[in-house]
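Residue numbers (the numbering used here): 911 to 1348.
In structure tokens, the structure reads:
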């Protein structure tokens, strides 16, 4: 029996008419299907293989409520401080789009960039095939709750051959504790198009809440999409995210994820290389301290020949924090000439920090080039000694080496304003005397 089912049924009954598209029969059926799935499946448990190291019992026991349709006030100065120069900015406060704080410049022909709620109001048929059907193979009850309760998100549609040169910055702001925020993003990049999307999650306070987000992304033939994510949630918050990517022939997809906040943060990334010569890159950095728990599960499915995938995640763990990395690469029997590389490297800064890492390769084809590996360790004593022999104190030496370990991932970000923001956040963790040495 699912003990949370009655609570979420009651919550849905209270807010159903305030959710976007509530008057659309096909969407109402889709939401009800999500709710029914959750009532049957409930939250994931430690008995499920993909969740055996991550307990969500604290979420199940909590009673997070959907936010009201109107957003609480946020000082404009804070929005500007979180903003990134040279971007199209869409701001969502407590799961709802805020046009007065957003900044969308004139768009090229063939580009639709709007909130999901706006599209459901004026052109709902665009979304019926995505939002109206409960996808098969749901990974967990979180996705079902998102299907039932999603309040808003971004819709980005690129016509064939269109390049959106300005990155799109999605700023999701949570203003108070006790909320359950379910957001949904839909991105469609047709043949030969190009775009960069930045997903950024922040909070005003340090309270507990649930942020449950899902992104559906289709990368058409020879299209290029980059998805950058910065997660700075409250250290008491629960952050659960899913990214599903469908790649077509010759397409290029890049994901770079930076998980710095959240008391418990879980990310599922699933990429399907569903046509020949598709290529993807998944990079990530997670940094935890105190009692934080960070979990990254990735799945790259080489379904057709000549696919290429590169995956590189790093973790820095301090205090009594814990991290999980599970990277699964599947090469199907029809995916001859696939080329896959996967690596996970972890740095433990304390005796109480813990990492569970599980890189996986499943190969059903015989003409492939695949490799994977993981490392877990502490700072190299020889490198510490080298710095100390040149007059740097032991604590400062360890801090500098930790900075260099993490900075490698930041250096892979091409988008200059975001790279500068990440460098500033990383430097903010360093003592003043060490900053002078960087």
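For every residue, glycine included, the Cβ atom is placed at its ideal position computed from N, Cα and C.
Note on residue 1132: 16 or more other CB atoms within 10 angstroms of its CB, so buried under the neighbour-count rule. Residue pairing by DSSP places residue 962 opposite no residue, since no beta bridge is assigned to it. With a cutoff of 8 Å on beta-carbon distance, residue 1155 and residue 1182 are scored as near each other. In the three-state scheme derived from DSSP, where H, G and I count as helix and E and B as strand, residue 1305 is classed as helix. Look at residue 1271 here: in three-state DSSP terms it is strand. When DSSP states are grouped into helix, strand and coil, residue 1146 belongs to the coil group. Residues of the same chain with a CB within less than 6 Å of the CB of residue 1281, apart from the 5 flanking positions on each side, are 1251 in chain order. The DSSP assignment places 1026-1032, 1038-1041, 1051-1059 as complete runs of the alpha helix (DSSP H) inside the region 1009-1079, in order along the chain (cut-off: 4 residues).
Under a 10 Å Cβ-count criterion, residue 1287 is classified as exposed, with fewer than 16 other Cβ atoms of the shown protein chains found around its own Cβ. It is roughly 46 Å from the alpha-carbon of residue 923 to the alpha-carbon of residue 1255.
A Cβ-Cβ distance of about 6 Å is found for the pair residue 1336 and residue 1313, placing them in contact under the 8 Å criterion. In chain order, 970 place their CB closer than 6 Å to the CB of residue 914, counting only its own chain and leaving out the 5 sequence neighbours on each side.
Taken in chain order, the complete beta strand (DSSP E) segments of 3 or more residues contained in the region 1154-1241 are 1162-1169, 1174-1183, 1189-1198, 1203-1212, 1218-1227, 1232-1241.
A straight-line Cα-Cα distance of about 15 Å links residue 1221 and residue 1234. If you check the CB distance, residue 1262 and residue 1230 come in under 8 Å. DSSP places residue 948 inside the alpha helix (DSSP H), whose first and last residues are 935-951.
Annotated three-state conformation of residue 987 is helix, per DSSP.
Proximity of the region 1198-1211 to the region 1167-1180 meets the contact definition, three or more beta-carbon pairs being nearer than 8 Å. Residue 1078 and residue 1030 do not touch by the CB rule: their CB atoms are close to 19 Å apart, not below 8 Å.
The residues 1078, 1137, in chain order, have a CB closer than 6 Å to that of residue 1107 in the same chain once the five nearest residues on each side in sequence are set aside. Checking the DSSP bridge columns, you'll see residue 1091 partnered with 1121. Annotation: residue 1246 is outside any alpha helix (DSSP H) and is labelled neither H nor E by DSSP. If the five residues before and after residue 1321 are omitted, its C-beta is found closer than 8 Å to the C-beta atoms of 1329, all from its own chain and listed in chain order. Nearest to residue 1003 by C-alpha distance, out of 1016, 1236, 947, 978, is 978. Under the three-state reduction of DSSP, residue 1105 is assigned to strand. Counting the other CB atoms within 10 Å of its CB gives residue 956 a total below 16, which places it among the exposed residues. In the three-state reduction of the DSSP assignment, residue 1131 falls in the coil class, being assigned neither a helical nor a strand state.
In this structure, 1215 is the residue among 1109, 1014, 1215, 1041 with its C-alpha nearest to the C-alpha of residue 1275. For residue 1319, the secondary structure class from DSSP, reduced to helix, strand or coil, is helix.
For the 8 Å CB-CB criterion, residue 1166 and residue 1189 do not form a contact.
Looking at 1005, 1037, 1099, the one whose alpha-carbon comes closest to that of residue 929 is 1005.
Buried is the label assigned to residue 1245, since at least 16 other Cβ atoms lie within 10 Å of its Cβ. Per the Cβ contact rule, the region 1060-1068 is in contact with the region 1094-1101 (3 or more Cβ pairs under 8 Å). Within the same chain, 1241, 1280 come within 7 Å of residue 1273 by CB-CB distance, once the 5 residues on both sides are set aside.
In this structure, 1069 is the residue among 1090, 947, 1069 with its C-alpha nearest to the C-alpha of residue 1128. Residue pairing of residue 1265 in beta bridges, as defined by DSSP: 1233.
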